[in-house]
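Trainee:
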Ligand SMILES: *Cc1c(COP(=O)(O)O)cnc(C)c1O
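Numbering (my numbering), first residue to last: 485 to 866.
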């Protein structure tokens, strides 16, 4: 076995051993009487987790594949989509839409700032022929949590199909998909759901289906939502997916989601909130500055600014070499300017947090930077 590296990256996250256990079970058939009870139970668990009555699909692949599926299935080539972009993953939604040859109306905010619902309202007025609005909820590259509820209200009032990347926020913060009017909600398995990577989840509303059924332009075969609906409708009692499923990965996700409900969803959210608060306080005590003010910072990951006494690469390398701790770097225009610390899975646990804050303090001492003794760890008690 390779040496265990503790993941403080904002994806991937370190997951619990009982979730990993599911990966070593014998391979199952992804259809028939062996699989159908798992399919039915997963469907029920996901509807509860997403707080939705909409159709739900489990799709093998990374979360980005499911974002590709959402955009490519809803909007026909040449049609207009408004895309919120205030970071790396918002830019990815633009790239996906470019690949599908859509007409893109960019809806921008500066990296590190949230999207503004008033600006969305005026963009919709200027572009009354827009079909869909896509955005990222938690922009993992900056750790900004965009005002999802308000943005959905504006887009829904105008009748747009809303497509939301909640890859790094669903199960980390409360997202009532139906109440807030999210037509298509996409999530992955290895962020706040804390399961093994390899599958994505997507919910699709009746309003989205109306628009999908109004054109005849699937971007491809595998990632066409109509294909997945066809298998549920025609083969759903026996073989509910068009392809061989990574059954072990799905079993691991089932364990992880059940654990969320056993802990209680509110307690699961609270765990993130507590971890991020401790991390912000501890790192502030150690003289670091946060990239994002508390008012719109996500509880799922924390971005910390570079400081003059050392480079962030130096700190990142030292944490790995000395303590086998992995943290995230800056993406895109934030490369070299921030580090990002995730609170996913084990990283939100006391032992991990203690070791992290203690180790950062040790690094600062090694650099002969004056620090309040125990100040990092003290953040956990504030
Ligand atoms: C991690 C992440 C993705 C990409 O997920 P993959 O599984 O790597 O495709 C997309 N959007 C956000 C907001 C993310 O945090």
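Even glycine gets a Cβ: it sits at the ideal position worked out from N, Cα and C.
Computed from a predicted model, the values in this text were never measured in an experiment.
Go to residue 740, then tell me how far its alpha helix (DSSP H) extends in each direction, as first and last residue.
Mentor: Run containing residue 740: 731–747, per the alpha helix (DSSP H) assignment.
Trainee: State the start and end residues of the unbroken alpha helix (DSSP H) segment that holds residue 858.
Mentor: Here residue 858 belongs to no alpha helix (DSSP H), and DSSP marks it neither H nor E.
Trainee: So the candidates are 823, 529 and 530; which of them puts its Cα closest to the Cα of residue 798?
Mentor: Of 823, 529 and 530, the residue nearest in Cα terms is 823.
Trainee: Quick one: using the 10 Å Cβ neighbour count with 16 as the cut-off for buried, is residue 498 buried or exposed?
Mentor: So residue 498 counts as buried.
Trainee: Can you tell me whether DSSP reads residue 774 as helix, strand or coil?
Mentor: Of the three classes helix, strand and coil, the one that applies to residue 774 here is strand, per DSSP.
Trainee: State yes or no: is the C-beta of residue 499 nearer than 7 Å to some heavy atom of ligand 1?
Mentor: No, the Cβ of residue 499 stays beyond 7 Å of every heavy atom of ligand 1.
Trainee: Using three-state DSSP, classify residue 619 as helix, strand or coil.
Mentor: DSSP places residue 619 in strand when its eight states are reduced to three.
Trainee: Might you give, ordered along the chain, the residues of its own chain that have their beta carbon closer than 6 Å to the beta carbon of residue 571, omitting 5 neighbours on each side?
Mentor: Here the set comprises 595, 623, 625 and 626.
Trainee: Residue 503 lies in the alpha helix (DSSP H); which residues open and close that run?
Mentor: Where residue 503 is concerned, the enclosing alpha helix (DSSP H) stretches over 501–505.
Trainee: Using 7 Å as the cut-off, classify the Cβ of residue 536 as near or not near the heavy atoms of ligand 3, replying yes or no.
Mentor: Inclusion of ligand 3 in the displayed structure is not the case, the ligand content consisting of ligand 1 alone.
Trainee: From residue 644 to residue 852, what distance separates their C-alpha atoms?
Mentor: If you take the alpha carbons of residue 644 and residue 852, they lie about 56 Å apart.
Trainee: Can you tell me whether residue 745 is buried or exposed, with buried defined as 16 or more other CB within 10 angstroms of its CB?
Mentor: Answer is exposed; the Cβ neighbour count stays below 16.
Trainee: In chain order, what residues of the same chain have a beta carbon less than 6 Å from the beta carbon of residue 547, not counting five sequence neighbours either side?
Mentor: The residues are 651, 672 and 684.
Trainee: Taking the C-alpha atoms as reference points, what is the distance between residue 856 and residue 599?
Mentor: Going from the Cα of residue 856 to the Cα of residue 599 covers about 37 Å.
Trainee: Can you tell me which of the three DSSP states residue 537 falls into?
Mentor: If DSSP states are grouped into helix, strand and coil, residue 537 belongs with coil.
Trainee: Go to residue 590, then tell me how far its alpha helix (DSSP H) extends in each direction, as first and last residue.
Mentor: No alpha helix (DSSP H) contains residue 590, which is instead part of the beta strand (DSSP E) from 587–592.
Trainee: Does the beta-carbon of residue 764 have 16 or more other beta-carbons within 10 angstroms, so that it is buried, or is it exposed?
Mentor: Answer is buried; the Cβ neighbour count reaches 16.
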